[in-house]
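With the working numbering applied, the sequence shown covers 165 to 557. From the three backbone atoms N, C-alpha and C, an ideal C-beta is built for every residue, glycine too.
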Amino acid sequence: MEASEKFYKFERYLRTLCQILGFDVLSKEWKKTYRTYVTIVLCSQYLLWMLYSLIVASDTFELFKSLAFLGFFFQCSLKIYYTMRNADQYAVNFSGLKEAIYERHEHGTEEQRIVIDRIIELLLLVTKAITVLYSSSIVIFSLYPAYMYFVKQAKVPIFPLHIPGINMYSSYGYAITNSLHMVLAVYGLLGALTSDIAFILFVLHFVTYGELFRMECEQFERDLQDMSLNCEWHTAKYKTFCRQRMRAVYQFHQSVIVYLESIQECYQSICVVQVASCSFSVMFNLFLALTTDWYATYSFIVISLFQLFVFSLMGTVMQIMNERMLKYVSSMPWYMLPTEEQQRFKFMLARSQLPAEMVIRSVGPMNMETFTDIMQKIYSAFTMMYSFLVDLS
């Protein structure tokens with residue numbers, strides 16, 4: 165299967181998820197539909213049910229359970245807001261990478277096709293892994309209440325959320341409550357899955373852009389070496405060749421920079437939200453794991469840690485590719501260029517030294533080093549909570 169066919173297969177999957185949620189922002193013709201408002205209403209409905217559950221909570225631990233998904237709620241709500249605000253940018257980025265990578269290089273060199281195919285294969289593999297992980301969490305959330313009901317004859321809801329006007333411990337009320345909880349769980353799963361896959365899509369294709377730029381620079385260097393053997397450096401033919409080929413390099417470099425800055429614009433705030441919500445969720449659910457026997461807290465800790473890890477890993481990938489882009493530019497044979505082109509080359513080199521990267525406000529760049537720092541702080545908070553509970557008992 166060609167790389168373009170694999171990409172179109174991936175596109176159908178991702179856009180199907182977007183269309184179910186009503187946020188097909190990868191299309192330039194996207195407009196809000198009834199599905200968009202259904203997603204927004206469900207998100208608002210969760211907030212109302214959570215507030216009602218806090219009011220009717222029978223004890224402190226029931227109140228804490230109702231707050232367990234607070235971080236995930238804010239994550240979903242703010243992602244919806246930032247996605248709608250940058251909808252046009254998402255569509256431009258997606259159509260741009262599809263045209264620049266897959267359509268333009270459909271009949272490219274063997275090396276180009278290998279690089280493109282390797283990245284799309286990796287993207288498909290990661291997509292399958294994330295889909296399995298997120299889907300398994302839904303299975304756990306749904307099977308445990310079923311097990312408790314049919315085996316232990318205990319009525320356990322999927323979420324610790326009470327619905328106004330419905331007694332979840334009655335026969336019909338229990339069925340209605342869990343059905344509505346399952347709808348929320350599925351929509352939350354689809355939202356997290358779609359958002360994470362889209363982010364990975366854009367970051368991994370920055371790698372493809374960078375590798376294609378490297379090949380462009382290497383090909384120019386080989387052609388320039390051949391030209392220097394046949395023409396004197398001061399001849400008009402040599403200068404014309406350098407001007408035309410360097411113009412193509414400038415344009416390619418500019419397109420990569422614009423793409424990277426666009427990713428930064430779309431995901432800068434989302435990354436801050438992701439880190440804050442996941443960190444809060446992990447710490448809060450660790451506390452619940454210490455103080456209660458609630459099953460859901462463990463799966464939610466795993467999901468939150470996984471999301472935090474993925475975003476940090478993708479931030480590291482962007483950092484590494486920025487460094488490689490600078491290396492590719494600085495390794496070009498600038499000393500063989502005419503004086504006019506050397507001046508233009510300086511601008512490209514200077515621009516490469518100002519990379520766009522994901523930065524978490526007041527924390528630092530989003531990378532694996534920051535992930536390690538966050539995990540250390542979470543561990544410190546966990547040990548403090550554990551010591552407090554031991555002393556209290």
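Taking the CA atoms as reference points, proline 321 sits about 27 Å from phenylalanine 546. Taken through DSSP and simplified to helix, strand or coil, proline 529 comes out as strand. The continuous stretches of alpha helix (DSSP H) do not include lysine 316, and DSSP gives it neither H nor E. In the displayed model, valine 303 falls within a helix according to three-state DSSP. The distance from the Cβ of isoleucine 283 to that of histidine 269 is about 12 Å, inconsistent with a contact at the 8 Å cut-off.
When DSSP states are grouped into helix, strand and coil, isoleucine 361 belongs to the helix group.
Within the model, the alpha-carbon separation for leucine 393 versus phenylalanine 384 is close to 14 Å. Annotation for glutamine 415: the continuous alpha helix (DSSP H) segment containing it runs 400–455. Around the beta carbon of aspartate 390, fewer than 16 other beta carbons sit within 10 angstroms, so the residue counts as exposed. Look at the beta carbons and you see the region 295–313 not touching the region 445–454: under three pairs across the two are nearer than 8 Å. In the DSSP annotation of this structure, the continuous segment of the alpha helix (DSSP H) that includes valine 205 starts and ends at 198–220. Under the three-state reduction of DSSP, isoleucine 330 is assigned to coil, being neither helix nor strand. For asparagine 331, the number of other beta carbons within 10 angstroms of its own is below 16, and it is reported as exposed.
Looking only at Ile467, Gln428, Val422, Asp360, the smallest Cα-Cα distance to cysteine 442 is reached by Ile467.
Distance from the CA of serine 259 to the CA of methionine 548, rounded to the nearest whole angstrom, comes to 49 Å. Shown here, valine 189 sits in coil according to DSSP, grouped into three states, outside any helix or strand. Between glutamine 428 and alanine 362, the beta carbon gap of about 15 Å keeps them out of contact (Cβ cut-off 8 Å). Between the alpha carbons of glutamine 432 and leucine 206 lies a gap of roughly 26 Å. Under DSSP, valine 523 takes part in a beta bridge, and its partners are Pro529. If you draw a 10 Å sphere on the C-beta of tryptophan 194, you find 16 or more other C-beta atoms in it, and that means buried.
Pairing glycine 374 with methionine 539 gives a Cβ-Cβ distance that is not under 9 Å. Here leucine 307 is exposed. Its C-beta has fewer than 16 other C-beta atoms within 10 Å. Taking the Cα positions, arginine 277 is about 46 Å away from alanine 232. Its chain contains Cys381 as the residues whose beta carbon lies nearer than 6 Å to that of methionine 496, once the 5 sequence neighbours on both sides are disregarded; these appear in chain order. Here the alpha carbon of leucine 325 sits roughly 14 Å from the alpha carbon of phenylalanine 236. The Cβ-Cβ distance between cysteine 435 and methionine 522 falls below 9 Å. Non-local C-beta neighbours of leucine 424 in its own chain, meaning closer than 7 Å and more than five positions away in sequence, comprise Phe370, Ala520, ordered along the chain.
The beta carbon of glutamine 506 is closer than 7 Å to those of Trp498 in its chain, skipping five residues each way along the sequence.
The continuous alpha helix (DSSP H) containing phenylalanine 225 extends over residues 224–230. The three-state secondary structure of cysteine 395, taken from DSSP, is coil. For tyrosine 311, the three-state secondary structure derived from DSSP is helix.
Rounded to the nearest angstrom, the gap between the Cα atoms of phenylalanine 225 and methionine 482 is 42 Å.
Residues of the same chain with a CB within less than 7 Å of the CB of valine 413, apart from the 5 flanking positions on each side, are Glu380, Cys381, Phe384 in chain order.
In the three-state reduction of the DSSP assignment, serine 495 falls in the coil class, being assigned neither a helical nor a strand state.
Non-local C-beta neighbours of tyrosine 210 in its own chain, meaning closer than 7 Å and more than five positions away in sequence, comprise Phe237, Leu348, ordered along the chain.
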